[in-house]
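Just so you know, the sequence shown maps onto residues 469 to 1043 in my numbering.
For every residue, glycine included, the Cβ atom is placed at its ideal position computed from N, Cα and C.
Everything below concerns the one structure shown next.
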Amino acid sequence: MPTPFVNEEFTFTNPDGSTIRVRGSGNQYYAVFETLDGYTVVKNPDNGFYTYAQLSEDKSQLIATDGIVGQVAPQSLGIRPHLRIQTESAKQQAQSAAMLQEGFSQWRVRRQQKKTQLQGISATTSADARPASTVTVGNYVGLCILIKFPDVAASISQQEVSNFCNLPGYAGFGNKGSVRDYFYDNSQGKLTYTNVVTQYYTAAHNRSYYTDPAIDYGTRARELILEALNYLKSQGFNFSQLSSDSNGLIYALNVFYVGPRVNNWAEGLWPHSWSLASPYDVGGGKKLYDYQITNMGSELTLRTFCHENGHMICDFPDLYDYGGQSAGVGNYCLMCYGGNDKNPVQVCAYLKNEAGWASKVTAITPGLTASLPAAKNEFYLYSKNANEYFLIENRQKTGRDTFLPDAGLAIWHVDEQKNGNEEEQMTPSQHYECSLEQADNRFDLEKGVNAGDNADLFRASYKTEFSDSTSPAGKWWDGSNSGLKIAQISAVGATMTFTVPGSAWLEKKQITGLWMINQERNAAAYVDGLGWRKIASESDSVFLGMLTLLSAAKEKKFPVNLRLENDVIKEIYVF
């Protein structure tokens, strides 16, 4: 499946038709599977049978033994259970997957372009003030193609799939709303995303042709999709109604095929997201390229569909570790494990803000008393620069967040110069793009211990402060003090509060603007990451001295340390 899976059970089939039951964790790029009693298995490339695995001498590979699963006892082979290759080897194998090397998805290209644009803007820039090209708001329309096979009939109607995608209040198969509802709720009504769902197309061949494990993974899926697109084009389908980017590339192509998942991992029609071998021209200046394909089985579920459209529509990154050595942001975000198939948790604050879905972003400054409602897209932000910052939100185990591991204040540490969550080392050079500051200081997510637990978020009677001197500490990734200090975090609730001490030194701030009224002690400086802040002093000479230093800092672009008292600049220190 395109989305990551953890300890999920699968049935794999051998060339002679025999089956084995396995439990696996991973994603479409890298995964590890074990028998239900914990012995690691791999597919023998010589005969296609699943055998018990052993480690290579350098521990960089899992190698097939002669022991076919189910035919010999693993103990007789002298192997240990739960075998894993080295961390770096797993990451290298994931990154070398064909679907990450061939046909670079357009959402990745657009994401990098967005990052380049946003890096020139202060991290505190409100969502409304961000460039239009970096946000996902308004009405978007995707395409959902339904495919059946000559030998496998449809069991879910076209109308049911259309309702699943588009119907407000949809509850089929136990889902909480439709795909449209999920994005509408997460964006607080700023994004309305619907899909045009086609009638069923009958494939040219029986299912076994497309699921042939001897053919490179994804090849026959691309062929099947092109078949369906050619058919739609021949029938005069109106592709112009589909939303596209500035290059005419249609954002979202979703493909559902009937029946259960019959392939083993990374074979045939195993669910995945990718791109076509080349953009498919539908006329009118529009083309299709990125796609996701999955089986319908006996029911429809939200998590995978929403996750993949988070990529295609919003250009969201994956926030899990492709190599599987850590848990990314776990069950705290749709773009990682997502919490639940039928009621996935919300998108995290970092990606909501990036998409332009924030209702309110408030800079954290000395003397602040913060009031933070849950599920309203209101965030508090403390930034070092446009790339690195802390973002705070209130997450409660209700509504779309029912399946969160914990409730309380979620403190996110973001570094937009990184790409994804594959570097779990927590060092200045190797760390996540988006990290959850786990209140228990165990960092189980980075260590791959779990996907979140009930000790991760901040709340009264547990962890009520976060600063440079607490554990976890609020330092920047280079090890320097951030100066952030929040205290008196309230009890878990629909609205949570915290305070910020009234006076604090802020280090290494750039001054990008200066305003004053001549002959009056009325002036303000624009502090990068904070915005305009008033300048005040009881002494005329100190006031004029601060203006002189701030003016020099602005003109020569050197950083200054500032002491803010109740959000007013009171002292300046120059390096």
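Closest residue to residue i among the options (Cα-Cα distance)
i: Lys844; options: Tyr699, Thr837 and Asn821; result: Asn821
i: Thr967; options: Gln978, Ser935 and Met984; result: Ser935
i: Gly516; options: Ile1040, Ala532 and Ser827; result: Ala532
i: Gly606; options: Trp738, Met764 and Gly824; result: Gly824
i: Ile954; options: Lys931, Trp945, Phe617 and Ala1004; result: Lys931
i: Asn887; options: Leu692, Gly506, Lys583 and Ser564; result: Lys583
i: Gly792; options: Thr965, Leu770 and Lys559; result: Lys559
i: Phe501; options: Gly942, Asp684, Asn732 and Asn1034; result: Asn732
i: Ile832; options: Gln814, Pro812 and Ile860; result: Ile860
i: Leu998; options: Arg579, Tyr857 and Ala499; result: Tyr857
i: Gly970; options: Thr479, Leu1032 and Ser625; result: Leu1032
i: Gly876; options: Asp921, Leu551 and Arg675; result: Asp921
i: Asp1008; options: Lys1002, Glu988, Glu1023 and Lys1024; result: Glu988
i: Ala600; options: Ser623, Cys782, Ser851 and Gln898; result: Cys782
i: Tyr498; options: Leu545, Pro483, Ser557 and Ser544; result: Ser557
i: Ala689; options: His740, Thr769 and Ala682; result: His740
i: Thr895; options: Gln906, Ala907 and Glu914; result: Glu914
i: Pro940; options: Tyr507, Asp912, Ala562 and Glu1006; result: Asp912
CB of residue i within 8 Å of CB of residue j, strictly
i: Asn855; j: Glu901; result: no
i: Asp653; j: Tyr638; result: no
i: Asn722; j: Gln760; result: yes
i: Tyr805; j: Val509; result: no
i: Tyr699; j: Tyr677; result: no
i: Cys816; j: Trp742; result: no
i: Tyr788; j: Pro470; result: no
i: Ala972; j: Gly951; result: yes
i: Trp575; j: Met780; result: yes
i: Phe724; j: Cys612; result: yes
i: Tyr661; j: Tyr608; result: yes
i: Leu840; j: Asn862; result: yes
i: Ile979; j: Met1014; result: no
i: Gly752; j: Ser714; result: no
i: Gln496; j: Ala734; result: yes
i: Arg868; j: Gln814; result: yes
i: Asn674; j: Phe632; result: no
Integer Cβ distance of residue i from residue j, believed to fall under 8 Å
i: Leu836; j: Phe784; result: So it is not a contact: roughly 30 Å between Cβ atoms.
i: Leu1018; j: Leu974; result: The pair is not a contact, with the Cβ atoms about 13 Å apart (cut-off 8 Å).
i: Gly727; j: Asp680; result: That pair is no contact at about 15 Å.
i: Val730; j: Leu904; result: That pair is no contact at about 37 Å.
i: Val577; j: Val629; result: So it is not a contact: roughly 29 Å between Cβ atoms.
i: Val647; j: Asn777; result: 7 Å
i: Ala962; j: Leu925; result: In fact, because the Cβ distance is near 15 Å, the residues do not count as touching under 8 Å.
i: Met567; j: Gly686; result: 6 Å
Buried or exposed (CB count within 10 angstroms, at least 16 for buried), residue i
i: Lys527; result: exposed
i: Glu525; result: exposed
i: Ile589; result: exposed
i: Val1042; result: exposed
i: Pro513; result: exposed
i: Gly642; result: exposed
i: Trp1000; result: exposed
i: Ile425; result: The structure shown does not extend to residue 425, since the chain spans only 469 to 1043, so no value can be given for it.
i: Val917; result: exposed
i: Ala993; result: buried
i: Ala919; result: buried
i: Pro542; result: buried
i: Gln956; result: exposed
i: Asn909; result: exposed
i: Thr485; result: The sequence shown places Gly at residue 485, rather than the Thr named in the question. Exposed, since its Cβ has fewer than 16 Cβ neighbours within 10 Å.
i: Glu477; result: exposed
i: Thr1016; result: exposed
i: Gly538; result: exposed
i: Pro483; result: exposed
Beta-bridge partners of residue i, as assigned by DSSP
i: Arg489; result: Thr479
i: Pro513; result: DSSP output for Pro513 lists no bridge partner at all.
i: Cys902; result: Val882
i: Cys612; result: Val665 and Asn722
i: Met984; result: Ala991
i: Leu530; result: Leu523
i: Asp999; result: Looking at the sequence provided, one finds Gly at residue 999 rather than Asp. Answer is Val995.
i: Met964; result: Leu840
i: Val1036; result: Glu1033
i: Gln1077; result: The structure shown does not extend to residue 1077, since the chain spans only 469 to 1043, so no value can be given for it.
i: Asp749; result: Lys755
i: Ser712; result: Ile718
i: Asn607; result: Thr660
i: Arg927; result: Lys931
i: Ala499; result: Gly494
Proximity test, Cβ basis, 8 Å: residue i and chain D
i: Ser1019; result: Judged by its chain identifiers, the structure shown contains no chain D, having just a single protein chain.
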